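Asks:
Numbering (the working numbering), first residue to last: 68 to 171.
1) What would DSSP say about residue 105, mapped onto helix, strand or coil?
2) Residue 153: buried (16+ other C-beta within 10 angstroms of its C-beta) or exposed?
3) Take every Cβ of the segment 92-108, pair it with every Cβ of the segment 73-81, and state whether three or more of those distances are shorter than 8 Å.
4) For residue 123 and residue 90, what's the separation of their Cα atoms in angstroms?
5) When the Cα atoms are used, what is the spatial distance from residue 116 to residue 69?
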């Protein structure tokens, strides 16, 4: 059963562009991790809470990614320049059902 991990990140309006640029700068880094299935960065239409959605084959695969040097490298700017967010909350969910539309 797949696992979804969502990081709900509160970003002030004046830091949104920087937040999005940080993700764009590390695009593709997670896609080669064992067990990785999907990633989406979701921008709020209203409010200030972004959702960082990742889907993994197992919780163990996610844990290995979190402990990897690739994860550390992708979050280096956070440690060096400080966070752009005010708050972060992580949600973990098991995937019970999935349905996808036709590929376009």
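Cβ atoms here follow ideal geometry from the backbone N, Cα and C, with glycine treated the same way. All values reported here derive from a predicted model rather than from experimental measurement.
Replies: Taking the coordinates as given:
1) If DSSP states are grouped into helix, strand and coil, residue 105 belongs with the strands.
2) Residue environment: residue 153 is assigned as exposed (fewer than 16 neighbouring CB atoms within 10 Å of its CB, all protein chains considered).
3) The segment 92-108 is not in contact with the segment 73-81.
4) A straight line joining the alpha-carbon of residue 123 with that of residue 90 spans about 19 Å.
5) When the Cα atoms are used, residue 116 and residue 69 turn out to be separated by approximately 24 Å.
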